[in-house]
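Be aware that the sequence shown starts at 1, since it is given in my numbering, and climbs by one per residue.
Every residue gets a Cβ at the ideal spot worked out from N, C-alpha and C, and that includes glycine.
Worksheet for the structure shown next.
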Amino acid sequence: MANLQAWLIYFLCSSVDACTGFRWDRQWLVVNQRGRAYTQRVEPKLALVEVNLPAEAFSEGWEPTKTSYLEIKAPGMDLLKISLCKPPKVSDGVSVWEWSGSALDEGDEASKWFTNYLGKPSRMVRFNAASETRPVDPVYAQGYSIMFSDMFPFMLASQGSLDELNKLLKEPVPMNRFRPNILVDGCEPFSEDLWTEIKISQFSFQGVRLCSRCKVPTINQETAIAGPEPNETLMKYRSDKVLRPDKKQQGKIYFGQNMVCKESLTEGKAKVVKVGDPIFVLQKVSTAAEAVA
1 MANLQAWLIY
11 FLCSSVDACT
21 GFRWDRQWLV
31 VNQRGRAYTQ
41 RVEPKLALVE
51 VNLPAEAFSE
61 GWEPTKTSYL
71 EIKAPGMDLL
81 KISLCKPPKV
91 SDGVSVWEWS
101 GSALDEGDEA
111 SKWFTNYLGK
121 PSRMVRFNAA
131 SETRPVDPVY
141 AQGYSIMFSD
151 MFPFMLASQG
161 SLDELNKLLK
171 EPVPMNRFRP
181 NILVDGCEPF
191 SEDLWTEIKI
201 SQFSFQGVRL
211 CSRCKVPTIN
221 QETAIAGPEP
231 NETLMKYRSD
241 KVLRPDKKQQ
251 GKIYFGQNMV
261 CKESLTEGKA
271 KVVKVGDPIF
281 VLQKVSTAAE
291 AVA
């Protein structure tokens with residue numbers, strides 16, 4: 001077990017659910033009048049929506065009370081407060097990518113807020129973990145589930161990779177373009193491509209697939225305006241053609257590693273990862289061409 005002098009610099013402090021990811025992460029979704037998910041790919045204004053949780057929400061074992069709220073704000077909009085206690089109303093026919101099912105509806109006030117902000121009928125829903133399961137692709141990670149993430153519960157990237165990319169860009173981009181929920185520092189650029197198993201705190205994470213990127217990294221998270229970068233530059237040295245020349249070519253570009261957590265937690269004993277936790281690399285492959293993608 002080797003410590004490659006990498007350490008966790010994000011998440012701040014959060015409980016880990018071995019199957020679905022960090023607590024509070026990707027639990028909510030904005031949907032259209034047919035229940036279909038909105039994303040920044042078609043609604044870039046969502047980039048400007050900011051959320052804030054109470055500081056105690058990241059404490060081990062904390063449970064929300066009637067006065068615990070998720071606060072949401074956006075330019076030109078009043079503050080929206082969403083109770084962290086689960087809403088009683090259920091909406092059927094919610095869908096995101098290949099999955100469809102029921103979700104908890106956050107009510108008319110949230111619906112009106114997002115309808116006004118996006119200029120089209122919208123509702124805000126929360127994943128209904130009590131009745132719904134959304135499995136990840138069993139080809140890559142059998143037995144794991146997610147809530148409203150794209151594909152996997154964890155996505156890890158390194159500061160070194162971003163720094164290397166920014167050396168090639170006329171205008172550097174921040175890490176929020178890539179939206180990892182685990183960010184590490186202290187390792188060589190793109191070394192995370194090779195990690196097939198790492199340990200953080202009490203948890204072992206399995207690298208299951210290089211993260212192929214869509215258009216979202218091209219959307220400036222401060223302005224909601226899209227441009228060609230950083231994808232244009234990534235295509236030159238982070239494409240499947242470059243990294244995996246002997247594999248089937250699909251025109252994909254890669255940044256980060258999708259992961260699952262291997263442990264099942266002991267019921268009633270929440271566990272957390274924190275900024276500063278060391279990353280121990282337990283297993284790795286030799287080249288990106290050997291990594292699953």
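Practice task
Answer yes if the stretch 75-89 comes into contact with the stretch 251-260, meaning at least three C-beta pairs across the two stretches below 8 Å, and no otherwise.
Solution key: No contact exists between the stretch 251-260 and the stretch 75-89.
Problem - For residue 105: DSSP bridge partner residues - result: Per DSSP, 125.
Practice task
Would you mind reading off the limits of the beta strand (DSSP E) that contains residue 69?
Solution key: Judged by DSSP secondary structure, residue 69 falls within the beta strand (DSSP E) whose first and last residues are 69-73.
Problem - Local Cβ density within 10 Å of residue 161, reported as buried at 16 or more and exposed below that - result: Burial state of residue 161 is buried, judged by a 10 Å Cβ sphere holding 16 or more other Cβ atoms.
Handout entry: Among 227, 208 and 96, nearest to residue 295 - alpha-carbon criterion
Key = A question about residue 295 goes unanswered here, because the residues of the chain that appear run from 1 up to 293.
Handout entry: Beta-bridge partners of residue 226, as assigned by DSSP
Key = Beta-bridge pairing links residue 226 to 219.
Exercise for the section: Tell me residue 134's beta-bridge partners as DSSP assigns them. Expected result: 146, per the DSSP bridge assignment.
Problem - Proximity of residue 29 and residue 151 at Cβ, strictly below 9 Å - result: Taking 9 Å as the Cβ cut-off, residue 29 and residue 151 do not qualify as a contacting pair.
Exercise for the section: Output the residue ranges of the beta strand (DSSP E) runs that lie fully inside the stretch 49-100 and measure 3 residues or longer, sorted by chain position. Expected result: Runs of the beta strand (DSSP E) lying entirely within the stretch 49-100 and spanning at least 3 residues, in chain order: 50-52, 69-73, 80-83 and 90-96.
Exercise for the section: Going by DSSP, name the residue or residues bridged to residue 155. Expected result: Note: residue 155 is bridge-paired with 258 in the DSSP secondary-structure output.
Handout entry: Coarse secondary structure for residue 164, derived from DSSP in three states
Key = Residue 164 falls in the helix class under three-state DSSP.
Exercise for the section: Give me the Cα-Cα distance between residue 237 and residue 196, rounded to the nearest whole angstrom. Expected result: C-alpha separation (whole angstroms): 22 Å.
Exercise for the section: Determine the DSSP secondary structure at residue 233, reduced to helix, strand or coil. Expected result: When DSSP states are grouped into helix, strand and coil, residue 233 belongs to the helix group.
Exercise for the section: Using 10 angstroms around the beta-carbon of residue 225, count the other beta-carbons present and answer buried if the total reaches 16, otherwise exposed. Expected result: With fewer than 16 other Cβ atoms from the protein chains shown falling within 10 Å of its own Cβ, residue 225 counts as exposed.
Exercise for the section: Using DSSP bridges, identify the partner residues of residue 195. Expected result: Residue 195 pairs with 284.
Problem - Cβ separation of residue 235 and residue 154, assumed to be a contact under 8 Å, to the nearest whole Å - result: About 25 Å; that fails the 8 Å criterion.
Practice task
Find the nearest neighbour of residue 111 within the set 40, 228, 31 and 221, judged by alpha-carbon distance.
Solution key: Considering only alpha carbons, the answer is 31.
Handout entry: Within 9 Å, strictly: CB atoms of residue 218 and residue 227
Key = The answer is yes: Cβ separation under 9 Å.
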